[in-house]
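Each remark here refers to the structure printed beneath this line.
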Amino acid sequence: PKNKRSIAEVQIKTWESKEKISLLTRSLHKYKQLYIGDLDGDEGDIETENRATRRPVTGNLSIRVLQARFIAHSPARTKKDPETVVVIKVDGSQKGKTRTTRNDRWNEDFEIYVEKASEAEITIYDKPNENLVPIGLMWIKISDIAEELRKKKIETGGGGWVTASNPQFDMQSFPQSEPYGIPYSSAQAQQGVGSTVTQDGIEAWFEIEPVGQILLKLNFVKENARTRPADAGLGRQKAFRKRKGEVHEQNGHKFLQQIFYQIIKCAYCEELFVNEGFRCEDCKLTCHRKCYTKIVTKCICMSNSEMDSDYKQLNHRIPHRFEAINNLTANWCCHCGYMLPFSKKKCSECNITCHAKCALLVPDFCGMSMRRASEMIEQIQQANIIRKNAIEDTNRINSNREKLNVDRVSDQPPKSPNLSSHNDLQDQNPYPPPQQYNPPSPKVTQDIPDNEPMQMPVMNTPVAPVAPVAPVTQVMQTYVQPTMQASQTPPRTSSNPPPPSVDASIIKQTRKVGLDDFNFLAVLGKGNFGKVMLAEEKYTKQLYAIKVLKKEFIIENDEVESTRSEKRVFQAANHGRHPFLLGLHSCFQTDTRIYFVMEYISGGDLMLHIQKTPFTYRQAQFYAAEVLLALEYLHKQGIIYRDLKLDNILLALDGHIKIADYGLCKEEMWYGKTTNTFCGTPEFMAPEILLEQRYGRAVDWWAFGVLIYEMLLGQSPFRGDDEDEIFDAILEDEILYPINMSRDSVSILQKLLTRDPERRLGSGKNDAEDIKRHPFFKGVNWDDMLSKKVPPPYYPTIASATDTSNFDEEFTREVPVLTPVHSHLTTANQEEFKGFSYVSNW
């Protein structure tokens, strides 16, 4: 009976699935009859690129099923209206079911707790008999409900804030001595058609496939949303760096494991999958974990000379003939694996499809699948192995045969040595083996420079082995040649600095800095890897801010290189003694920690001051100008900052700013260079970082735009209750401005907060020069600003040199002591920090 019941359930579900497929087929036929005009080939791609990734969510989902209309009921034998019922499923699991009615009205509420859920399915059934017949269905992403509620909340929060394109916008110049009005909620200029928003959700008519509409009231409350609400003004946020997983290399591809929340198509086996997969961080090729070792095409970052010889033997180089077409059915890109938008590229020969941006990355395998190419290369490799083994077997047989002949000769009675036998031996081997006269010495090989040929006089002299010249020559080469190198050839390039001169060594010894030189007075702040403490140097009574990092934590989080990079950025700031960059006095280490001894800026950071009193227009312009000069200097050194925010801008007692915290800086980022590390502070991260695209120094100018917005208006342009909502706002929301905001302020914010990095102000070769020329900075004398000749608009005050009232009391009330570290690092781990100590020359 149990098996019969299971079989019956399977049969019912199979029949129901076929009915649903029939409904969707009717919908597809309806949409195919619609006319869609020609679209630009890349228009749909850009829209898809800038769309936020919808992740599974956890929380309470509320659904009120009200009524339906225009529904095509199933045929009935009687004149009575059929009974209908609505079933609610979440990710395929049934969560609710209404009562049956004959008037298509239900008015029933459902409270559903969902955990990491993606979508809700709502199906309307007719009940002509015992079996339910589906007559309409729809799906809605739960994350879309949460996003719509967030937008509507912003929209209904208050008036007076509009988008820059709104005709109500007043372009009159605003007085520069007063801050703008700052309501802590703003108006989103988007209104859903046919929908109303109440305090407990969204009520709207939703389309049912294949025909009809259903009236629903939806609400969703996220679980574990952060405690600081979106409308609470500015607040401190920690930056983070997304650690990369293990990199799996294959033909130049650098595959990283990634979780996909959409249906993805594998580039190798062409099967669909969700959740875990592998994606190349350079060319975005996507495949199964099990398939990445079979990818035979090279990555775009790999030159032709680096290609595998087996790949070159696969003599199939037929390019695809891609044509732009409109897409009405479900298709996936053959390269990146994502579902295609309306416009796509399709090969007219082999019918593969891809995005317009991916067409240049698809290999020239027209008429051949990746799987077939992999099988052919595997066969080539097997044939090469068989051929190689056959050659080795032949050589082994020949060598054994020669050895057997030699053994036979040695078994014969010895002949008396005479002149003829000696000459025969000389004819067989006219020159003695080189190692017999000049045995190889690793020391000699290492000491010989690359541009000087190795001298082997003995090998060039065919003499008998009786002359003992070779050992003497070798000894002379071993000990004399390094001295000749030092005087005749330039030194080899190395990452290690050259040894200091005697005078420099004496100076370094006299200025050696250690932990015993300081007394800790207070805790100023805490970060991801350690704390910053106020310290007094015992001998000079000078105050410094010391950043203390635990070595163990640095090694565990693979931050050794970024810590070294932070030190190099400090040195770059020291080199120019830039007035708006925090300087480094010294750095040293103990067995368990490393220490950065930095300038102490007692005025606190800009976040503290803007929370106390909103900035005036002149304050915002003044601080923005000094930040601009600091970023310009870093960019000229090939450094991008990547963590610009009010928390990292310190205000000195002279009223001027200094940018601090170089932990997320990236070196060697000249114009045109790109990187792809996912890092930053959520509200300041540029769209290209969120989309995990390669990015350049334009990300600093996006953050600069967010900074100006916050200084002028006292709130972030992108807000949400958690990181996902903030990221959605950055990628999708239109930015709002007060109606009375000045023309120049709106203009510079629009140009800096352009989502396309190629069109963003400051993204060109001129870098900061283009921003300096913007009317927002009209009247600024940049030379006077750099030399601190412009009087600041505000001076912070302190009661004494050791007064820490400008820092967060949460930290300053802590006892300034170093917590004991009980673990011990190995010698290899300690070697990671070799050469870290440094003392500046100021």
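Each position in the sequence shown, counted from 1, maps to that position plus 564 in the numbering used here. Every residue gets a Cβ at the ideal spot worked out from N, C-alpha and C, and that includes glycine. Being a predicted model, the structure only gives us computed values, none of them experimental.
Check this for me: beta carbons of Pro774 and Arg590, under 9 Å apart or not? Contact flag set, yes.
Pull up the CB-CB distance for Lys786 and Gly765, whole angstroms please, since I reckon it's below 8 Å. In fact, because the Cβ distance is near 14 Å, the residues do not count as touching under 8 Å.
Write down the C-beta distance between Trp1266 and Leu1317 rounded to the nearest angstrom, noting that I regard them as a contact closer than 8 Å. Yes, they are in contact, since the Cβ atoms of Trp1266 and Leu1317 sit about 7 Å apart, within 8 Å.
Inter-residue Cα distance where the pair is Arg619 and Glu1247: Cα to Cα, the separation comes out at about 19 Å.
Specify the secondary structure class of Lys1090 as computed by DSSP and reduced to three states. Note: Lys1090 maps to strand in three-state DSSP.
Taking all protein chains shown into account, decide if His1139 is buried (16 or more other Cβ within 10 angstroms of its Cβ) or exposed. Taking a 10 Å sphere around the C-beta of His1139, we find fewer than 16 other C-beta atoms and assign the residue as exposed.
Can the beta-carbon of His1173 be found less than 9 Å from the beta-carbon of Tyr1108? Not a contact, by the Cβ cut-off of 9 Å.
Taking buried to mean at least 16 other C-beta atoms within 10 Å of its own C-beta, is Asn1370 buried or exposed? Label assigned to Asn1370: buried.
Check whether the Cβ atoms of Arg1141 and Glu1231 lie closer than 9 Å to each other. Contact: no.
DSSP puts Asp1169 in a beta bridge; with which residues? The secondary-structure analysis by DSSP pairs Asp1169 across a beta bridge with Leu1214.
For Asn993 and Cys851, what's the separation of their Cα atoms in angstroms? Here Asn993 scores only 41 on pLDDT, less than 50, and its place in the model is too uncertain to base an answer on.
Could you compute how far the alpha carbon of Asn1121 sits from the alpha carbon of Trp896? Straight-line Cα distance between these residues: approximately 37 Å.
Buried or exposed: where does Arg1337 fall if 16 or more other Cβ atoms within 10 Å of its Cβ makes it buried? Residue burial is scored here from C-beta neighbours: Arg1337 has fewer than 16 other C-beta atoms within 10 angstroms and is therefore classed as exposed.
As a quick exercise: from Lys584, Ile1204, Gln631, pick the residue whose alpha carbon is nearest that of Phe770. Out of Lys584, Ile1204, Gln631, Gln631 has the C-alpha closest to the C-alpha of Phe770.
Considering only the alpha carbon of each residue, which of Glu956, Glu1374, Ile941, Met903 lies closest to Asn815? Checked all of Glu956, Glu1374, Ile941, Met903; the closest Cα to Asn815 is Ile941.
Entirely enclosed beta strand (DSSP E) segments - the segment 619-678, minimum 3 residues: Every unbroken stretch of the beta strand (DSSP E) spanning 3 or more residues and falling wholly within the segment 619-678 is given here in chain order: 621-633, 648-654, 657-661.
Would you say Asp1331 and Tyr1235 are within 9 Å of each other, going by their C-beta atoms? For the pair Asp1331 and Tyr1235, the CB atoms are nearer than the 9 Å cut-off.
Just the Cα atoms here: how many angstroms apart are Leu1255 and Thr1241? Their backbone Cα atoms lie some 11 Å apart in a straight line.
Going by C-alpha distance, which of Ile699, Lys715, Lys1342 is nearest Gly1284? The option with the nearest alpha carbon to Gly1284 is Lys715.
Could you tell me which of Asp668, Glu647, Glu966, Asn1083 sits nearest to Pro692, measuring between CA atoms? Here the closest residue by C-alpha is Glu647.
For Asn1024, collect the residues of the same chain with a Cβ closer than 6 Å to its Cβ; drop the 5 residues on either side in sequence, then sort them by chain order. Below a pLDDT of 50, predicted positions are generally treated as unreliable, and Asn1024, at 39, falls in that range; no measurement from the model is reported.
Leaving out five residues on either side along the sequence, give the residues of the same chain with a beta carbon under 6 Å from the beta carbon of Ala1293. Correct list, in chain order: Phe1282, Gly1284.
Need the endpoints of the alpha helix (DSSP H) that Arg1132 sits in, please. Arg1132: member of the alpha helix (DSSP H) spanning 1124-1140, first to last residue.
Under 8 Å, with one C-beta from each stretch per pair, do the segment 1346-1362 and the segment 1149-1161 reach the 3-pair mark? Short answer: they don't touch.
Going by C-alpha distance, which of Asp1334, Phe1341, Thr1245 is nearest His1208? According to the sequence provided, residue 1208 is Leu. The question's His does not apply to it. Measuring from the Cα of Leu1208, the nearest candidate turns out to be Thr1245.
Inter-residue CB distance, Leu1214 and Ile1272 (contact presumed, cutoff 8 Å): The beta-carbon separation of Leu1214 and Ile1272, rounded to 18 Å, does not stay under the 8 Å limit for a contact.
Best match in Ala888, Gln1257, Ser938, Pro1251 for proximity to Thr917 [C-alpha to C-alpha]: Thr917 has its Cα closest to that of Ala888, out of Ala888, Gln1257, Ser938, Pro1251.
In terms of alpha-carbon separation, which member of Leu598, Asn695, Ala684, Asp690 lies closest to Glu532? Beyond the ends of the chain as shown, which are 565 and 1406, falls residue 532; an answer cannot be given.
Which same chain residues end up closer than 7 Å to Met1171 when comparing Cβ atoms and leaving out the 5 residues on each side of it in sequence? Excluding five sequence positions before and after Met1171, the CB atoms of its chain that fall closer than 7 Å to its own CB belong to Leu798, Arg800, Leu1210, Asp1211, given in chain order.
Using C-beta distances below 7 Å, list every residue in its chain close to Val1124, excluding the 5 sequence neighbours before and after it, in chain order. For Val1124, the CB contacts under 7 Å within the same chain, skipping 5 residues up- and downstream, are Ile1118, Glu1396 in chain order.
Out of Leu1088, Gln821, Gln822, Gly841, state which residue places its alpha-carbon closest to the alpha-carbon of Cys830. If we check each option's Cα against that of Cys830, Gly841 comes out closest.
Spatial neighbours of Asp1081 within its chain, please: CB distance less than 8 Å, with the 5 preceding and 5 following residues excluded, ordered by chain position. Taking C-beta separations shorter than 8 Å and ignoring five residues to either side along the sequence, the partners of Asp1081 in its chain run Glu1101, Lys1102, Tyr1103, following chain order.
Please name the residue or residues paired with Cys918 in a DSSP beta bridge. For Cys918, which the question treats as bridged, DSSP gives the partners Lys909.
Residues sharing a beta bridge with Lys705, DSSP: Beta-bridge pairing by DSSP links Lys705 to Glu683.
By Cβ distance, which residues of its chain are closer than 8 Å to Arg663, with the 5 residues on each side in sequence left out? Closer than 8 Å at Cβ, skipping near neighbours: Val649, Trp670, Glu672.
Contact check, Leu1088 vs Phe1375 under 8 Å by CB: the rounded distance? So it is a contact: roughly 6 Å between Cβ atoms.
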